[in-house]
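Protein chains: 4
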Amino acid sequence: MTDQRKRARALGITIGRLEPGPLNAITDVAGIKVGHETIIRGDGDLVVGQGPVRTGVTVVWPHSDGSVAQNPVYAGYHQLNGNGEMTGIAWIDESGLLTSAVAITNTASVGVVRDAMIAYDRDRFVYEREPDFHLPVVGETYDGWLSDINGFHVRPEHLYAAADAAASGPVAEGSVGGGTGMNCHEFKGGIGTSSRRLSAELGGWTVGVLVQANYGSRHALRIDGVPVGREIGFDQVPSHLQERIVDGSIIIILATDAPLLPDQCRRIARRATIGLARVGGNGNNGSGDLFLAFSTGNRGMMAGEPGAPFTIRSLPPDAMTPLFEAAADAAEEAIVNALCMATTVTGVNGRTSHALPLEQLQDVMGRYGRGAVRR
Amino acid sequence: MTDQRKRARALGITIGRLEPGPLNAITDVAGIKVGHETIIRGDGDLVVGQGPVRTGVTVVWPHSDGSVAQNPVYAGYHQLNGNGEMTGIAWIDESGLLTSAVAITNTASVGVVRDAMIAYDRDRFVYEREPDFHLPVVGETYDGWLSDINGFHVRPEHLYAAADAAASGPVAEGSVGGGTGMNCHEFKGGIGTSSRRLSAELGGWTVGVLVQANYGSRHALRIDGVPVGREIGFDQVPSHLQERIVDGSIIIILATDAPLLPDQCRRIARRATIGLARVGGNGNNGSGDLFLAFSTGNRGMMAGEPGAPFTIRSLPPDAMTPLFEAAADAAEEAIVNALCMATTVTGVNGRTSHALPLEQLQDVMGRYGRGAVRR
Amino acid sequence: MTDQRKRARALGITIGRLEPGPLNAITDVAGIKVGHETIIRGDGDLVVGQGPVRTGVTVVWPHSDGSVAQNPVYAGYHQLNGNGEMTGIAWIDESGLLTSAVAITNTASVGVVRDAMIAYDRDRFVYEREPDFHLPVVGETYDGWLSDINGFHVRPEHLYAAADAAASGPVAEGSVGGGTGMNCHEFKGGIGTSSRRLSAELGGWTVGVLVQANYGSRHALRIDGVPVGREIGFDQVPSHLQERIVDGSIIIILATDAPLLPDQCRRIARRATIGLARVGGNGNNGSGDLFLAFSTGNRGMMAGEPGAPFTIRSLPPDAMTPLFEAAADAAEEAIVNALCMATTVTGVNGRTSHALPLEQLQDVMGRYGRGAVRR
Amino acid sequence: MTDQRKRARALGITIGRLEPGPLNAITDVAGIKVGHETIIRGDGDLVVGQGPVRTGVTVVWPHSDGSVAQNPVYAGYHQLNGNGEMTGIAWIDESGLLTSAVAITNTASVGVVRDAMIAYDRDRFVYEREPDFHLPVVGETYDGWLSDINGFHVRPEHLYAAADAAASGPVAEGSVGGGTGMNCHEFKGGIGTSSRRLSAELGGWTVGVLVQANYGSRHALRIDGVPVGREIGFDQVPSHLQERIVDGSIIIILATDAPLLPDQCRRIARRATIGLARVGGNGNNGSGDLFLAFSTGNRGMMAGEPGAPFTIRSLPPDAMTPLFEAAADAAEEAIVNALCMATTVTGVNGRTSHALPLEQLQDVMGRYGRGAVRR
């Protein structure tokens with residue numbers, strides 16, 4: 008079997024100097040749950056409305072304590088390049104509160120997933136006093152090269168399935184959930200995750216990242232600084248996108264148990280750019296590079312009364328620096344994991360998006376001094 | 008008939024010193040089309056999924072020349088308070104381009120309308136080279152006090168109907184389209200519009216505004232500076248919302264034929280706050296006060312080649328000041344028109360949202376020196 | 008004496024429905040100190056470098072506990088129109104921390120005041136561990152119509168004097184400190200202040216505002232909704248600026264003891280627009296309408312360690328609404344106070360900026376139903 | 008002489024795949040002029056007010072056609088981390104116009120340079136109608152480790168000297184002008200520059216970058232992806248800053264002759280993050296990472312009348328992608344040039360900031376496959 012996929016660290020690739028959490032996943036942040044619903048149907052020629060379908064939905068729950076509307080967490084948003092959609096951002100920008108789970112899907116299905124999240128919330132949770140309305144957070148990247156995106160195959164039940172399937176523990180990566188039909192640096196892309204845990208001296212906080220990676224040109228790909236994309240040319244692995252301008256998007260979700268305020272979450276979100284830049288993301292014009300960071304370290308922000316403020320915790324400004332490093336490194340490694348774990352997928356009109364070949368990758372890394380020199 | 012509605016100017020109320028355009032509507036900006044689809048169904052007790060339904064969709068086309076994706080206009084966004092949703096903003100913030108029509112509906116139906124706009128665009132327009140994807144612009148305000156909002160009664164066909172019905176000429180106001188179930192300052196609210204035309208010396212430009220008004224407390228309402236809300240108390244006209252905190256939202260769409268760049272559109276959008284503030288909007292916490300301004304004065308922004316820039320026009324900074332005045336005044340009057348034109352509506356559980364009583368309004372205006380003193 | 012000035016409330020003008028604090032001043036927020044240094048020198052023709060000089064510096068201390076660098080408060084910034092300067096904003100936007108006092112002066116003296124604040128901080132405070140650097144906050148409006156602004160008459164000692172003179176208690180208003188040479192709605196403007204205190208049920212919080220008002224056209228002036236500027240024409244009080252486009256700026260400082268986070272301060276700052284709009288500010292192109300809000304309700308934000316977060320307090324989103332009303336109303340009244348308290352000033356080339364005539368003002372208010380009708 | 012400095016390309020280091028302009032400097036953008044004033048005075052122990060002094064001022068003129076106030080260019084600003092100061096940004100954010108030259112100096116001297124720029128403008132230029140005021144752009148990084156920063160040694164005449172000395176042609180790099188006392192990745196830092204020229208097919212546009220680099224930890228330094236900072240340890244080159252947290256700032260000025268609008272300039276500014284991230288910048292908490300981009304491709308933006316718009320040019324969205332690549336690559340190389348060109352400097356209290364040793368650098372690059380493998 009040539010397509011045995013491995014995560015970056017299993018290949019000897021380590022990003023940065025900080026240690027990952029036990030799962031090296033966003034779920035290392037306590038309480039976070041991730042669920043995927045993968046939709047694969049049909050083969051052959053595109054018939055809009057029929058398929059082939061290579062898409063899905065991924066849901067990230069910021070905690071395991073029921074309704075996020077009732078029990079929100081602080082969050083902050085940043086966009087490197089805004090050629091994409093993430094609903095719910097106006098309220099996050101205003102209040103600093105994430106009041107829903109975060110769903111990620113394909114570009115044409117943002118709406119159906121968004122409305123379904125309103126229905127889901129009403130169906131699944133019991134409220135003392137139900138909120139009048141919800142403003143769900145749904146991001147997207149475009150999978151129309153492999154999937155019948157204009158057939159609108161994602162239905163409310165797919166959001167329900169992904170949300171219900173969400174669990175803590177290891178996270179499936181690669182061609183799953185929202186990442187099913189995605190490409191990255193002209194290899195197969197999709198879902199990736201990673202985490203970092205700071206030393207006790209620096210607070211012992213965990214930062215976890217999950218990406219849906221669907222961006223980038225072959226030539227720009229660098230892994231731990233090595234120009235992998237220049238070394239594994241189109242002669243070795245055909246580029247599925249040589250026929251057109253290579254754009255595409257990446258959604259990056261960052262989570263931490265460090266008790267951060269909304270502004271501090273926004274600062275964390277902005278550091279996703281650092282990790283993305285090191286892998287080769289330029290925020291191309293056609294790309295929606297949308298980043299959302301949240302902190303699970305404070306809760307109860309709907310609980311206070313005007314005359315009885317609630318109490319929360321925060322960290323002094325200088326404590327942000329190691330969190331920035333953790334966020335940048337975990338973002339970088341999450342993208343590399345997406346590339347290393349994604350399997351080759353054939354979709355619409357027989358088009359094939361090829362997985363990054365791992366043996367060649369290791370060979371290139373060795374030629375550029377990785378493994379052979381002082382680290 | 009007690010409920011003969013009239014626009015503000017027909018009642019002797021004039022806002023500001025600038026002249027409106029011939030229609031005193033957003034359609035005074037050449038090429039703009041507005042369409043409403045109103046959905047009214049059922050009476051009596053709320054049965055989620057069945058009704059009663061008092062909702063709809065309103066669509067504003069920035070021009071009459073086909074696909075906005077292919078032929079975008081410059082636009083800019085501002086939010087006074089972000090407790091609301093407007094999809095498509097990430098791309099407007101990034102590129103300065105409005106690449107779709109603007110739809111307005113209820114809070115729970117943003118998603119279905121958004122995805123339907125993607126389908127509509129593919130169904131109705133023929134492209135030389137179809138864009139890979141669309142990022143439609145859909146705003147919302149909450150009509151759940153009068154309508155079965157969680158019944159998801161808006162369907163793709165309603166978006167199609169509103170988009171197809173769009174026309175230049177006079178614009179229906181009040182309890183129509185997206186404004187069907189809305190309240191404003193604890194009277195019946197909904198759709199309102201107004202415009203201003205600058206003198207030839209100031210460029211002769213037109214600024215048009217359309218609002219979907221669903222915000223505000225009774226006490227805060229002022230019309231042309233007169234404290235109408237304090238004068239027409241709950242004893243005279245019952246407040247439909249006394250039972251709860253009064254929040255709610257307002258979407259303000261501003262359009263001009265002045266040839267503005269995206270940054271300049273953003274400046275115009277920010278001035279919607281001025282008009283809203285004068286009527287009594289405070290941007291309450293629960294309100295989504297989302298403003299979008301666009302300029303029809305430049306076109307062809309997808310047409311250039313990297314080495315062959317396209318040519319556009321703009322105005323010097325100082326020329327913005329009269330446009331700001333026009334935008335603020337037209338926004339103020341559009342809200343007053345929504346109030347004056349909206350008819351009393353009874354919806355869910357027999358709740359009634361009462362129209363602003365026009366005779367009493369005129370009486371109050373007179374007592375506060377309007378009509379009697381030097382203008 | 009024709010020029011006996013009175014504050015708005017002494018003239019029977021009350022803005023909004025909330026009660027002011029005991030001083031009706033920003034100093035109603037406990038700990039806040041305000042100091043003015045007024046520089047008036049010379050008469051007659053302008054000789055750049057010599058005078059006449061009509062300028063000054065105003066300093067607002069967010070607390071009375073020494074170095075703000077060591078003991079910052081949360082803050083947030085908003086600009087309605089950015090034709091102005093406020094230094095130190097990049098760091099406030101980033102960290103949410105106000106780490107210096109706030110100084111306001113004329114446009115050409117921002118630099119000298121800013122650097123002097125660095126020196127002052129080192130001279131006046133003893134640090135356990137001195138910060139490497141300071142990023143002082145200095146705002147400005149333009150007084151070049153009355154003063155030899157290009158003569159650079161503000162010197163470091165003036166900042167020292169204003170900072171040292173700062174005190175709690177009543178605040179001098181009108182043609183003092185940074186407001187000495189300012190105009191507002193084509194009357195004499197300058198410094199104004201006001202406050203609101205919420206009921207115990209709403210938390211009992213105080214919101215205080217201080218403005219340096221130097222903006223606006225005569226025709227646009229409204230006081231409590233009454234079109235005062237249209238009623239007191241140039242025939243009654245000459246307009247000092249009819250010779251040119253009327254622009255100019257306003258700095259609005261908002262303070263509260265409500266325990267707000269940086270994002271919440273930013274929301275408060277944005278509401279300054281509401282009050283300004285109601286008086287007649289449009290954010291004209293030439294205007295620097297820059298607003299800074301801070302909260303004294305949390306302290307100790309430099310004190311935590313990465314592993315030992317500090318504890319702060321905040322309010323739930325819904326508690327913001329009454330604070331918004333307080334901020335808007337206090338901003339409106341602070342501007343009216345600046346107008347009512349400013350005395351006529353003659354400066355460069357014998358130009359005279361006339362005070363708003365208070366008897367005429369009261370007469371106009373009466374004609375428009377104020378005092379005579381139900382409030 | 009051991010300290011023969013060379014630029015990166017002279018050492019065989021090339022960043023990215025695009026070609027630089029003839030000078031590989033920001034001055035490859037036609038019309039741009041750069042001037043430095045370097046202030047070096049005294050040795051030995053720090054006596055505040057006396058020295059030693061290792062500081063200066065660097066001025067970038069966006070064109071060679073006189074007053075920038077009268078003849079502005081479009082510009083956009085972005086900050087990765089806001090622990091720094093750049094004056095004049097409120098107006099750039101508002102209007103999209105850069106209306107002054109750009110000066111860079113030390114943190115404590117921003118004010119004096121800013122006010123001096125107002126005086127300079129009045130002294131050097133003749134106006135038909137002089138603008139009422141100026142809002143100069145002055146950025147800073149902190150040189151207090153090597154220089155008596157709190158002695159305020161920069162005077163107005165230093166700004167005059169740097170502004171007058173500005174010239175097109177090659178740009179002095181390293182320990183000069185504003186960069187005299189700066190450190191970068193715990194080596195000596197300062198001024199660096201680079202450029203890229205797009206192919207004729209992509210428009211033939213030039214993007215130039217100038218940095219004042221004063222940020223970063225040793226361990227994080229990467230040059231063309233090679234972990235140079237990990238390889239050249241403190242045992243080989245002492246770290247001047249091991250005694251404290253390593254923060255610091257970087258100002259990045261980006262210029263292009265591509266005819267971009269303000270929004271598009273902002274997009275270019277945001278890409279400075281990409282280049283900075285690849286060298287090892289994380290936007291640490293203590294860092295002011297402030298980026299300003301401008302376009303010389305449009306002029307005459309003060310010239311229009313309200314009724315007679317001026318004409319400008321722009322590029323379609325897709326044309327931005329190659330400009331982004333150029334901006335990121337030139338920013339990366341400009342930083343590397345700063346490191347490669349800066350000479351060892353000894354300052355306050357005998358502290359020495361060591362230059363990056365170029366032979367060791369080349370040795371490390373070779374060990375990591377650069378020069379030996381397919382590029």
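Chains as they are written, first to last, in this note's numbering: chain A, 8 to 382; chain B, 8 to 382; chain C, 8 to 382; chain D, 8 to 382.
Ideal Cβ placement from N, Cα and C applies to all residues, glycine included.
Chain A contact for residue i (CB, 8 Å cutoff)
| i | result |
| --- | --- |
| GLU250/B | In this prediction, GLU250/B scores a pLDDT of 49, lower than 50, which makes its location untrustworthy; the coordinate-derived value is nonetheless stated afterwards. No, because no Cβ of chain A sits closer than 8 Å to the Cβ of GLU250/B. |
| VAL133/D | no |
| LEU53/B | no |
| GLU332/D | yes |
| ILE125/B | yes |
Within chain C, the residues that residue i reaches when beta carbons sit closer than 9 Å
| i | result |
| --- | --- |
| ALA310/A | PRO323 |
| LEU461/B | No statement about residue 461/B is possible, as the shown extent of chain B runs from 8 to 382 and does not include it. |
Residue i versus residue j - alpha carbon distance
| i | j | result |
| --- | --- | --- |
| MET93/B | LEU142/B | 11 Å |
| PRO364/C | LEU209/B | 32 Å |
| SER201/B | GLY181/B | 13 Å |
| ASN356/C | SER246/C | 15 Å |
| ILE239/B | VAL286/B | 15 Å |
| PRO29/B | LEU261/B | 17 Å |
| THR187/C | ASN78/A | 51 Å |
8 Å Cβ cutoff, residue i in contact with chain B
| i | result |
| --- | --- |
| PHE317/A | no |
| PHE159/D | no |
| HIS226/C | yes |
Cutoff 8 Å: residue i Cβ touching any chain D Cβ
| i | result |
| --- | --- |
| TRP98/C | yes |
| PRO79/A | no |
| PRO29/B | no |
Residue range of the unbroken alpha helix (DSSP H) whose run includes residue i
| i | result |
| --- | --- |
| SER102/D | 96-102 |
| VAL371/B | 365-374 |
Chain C contact for residue i (CB, 8 Å cutoff)
| i | result |
| --- | --- |
| ASP270/A | yes |
| GLY146/A | no |
| ARG377/A | no |
| GLY357/B | no |
| GLY151/D | yes |
Partner residues on chain A for residue i, Cβ-Cβ distance less than 7 Å
| i | result |
| --- | --- |
| PRO234/D | GLY232 |
Per-residue contacts from residue i into chain A (C-beta, under 8 Å)
| i | result |
| --- | --- |
| VAL117/B | THR94, GLY118, ARG121, ASP122 |
| LEU261/B | By Cβ distance, chain A contributes nothing, its closest Cβ being about 17 Å from LEU261/B, past 8 Å. |
Any C-beta of chain E under 8 Å from that of residue i
| i | result |
| --- | --- |
| THR114/A | This model lacks chain E altogether; the protein chains it does include are A, B, C and D. |
Within 8 Å, do at least three Cβ pairs link the region 54-67 of chain C to the region 151-161 of chain C?
yes
ask   = Between the region 43-56 of chain D and the region 218-232 of chain D, do at least 3 Cβ pairs fall closer than 8 Å?
value = no
Can we say the region 310-329 of chain D touches the region 166-184 of chain D, given the rule of at least three CB pairs closer than 8 Å? In short, these stretches do not touch, since the Cβ pair count stays below three.
* Asked: Can at least three beta-carbon pairs, one atom from the region 14-25 of chain C and one from the region 41-48 of chain B, be found at a separation below 8 Å?
  -> no
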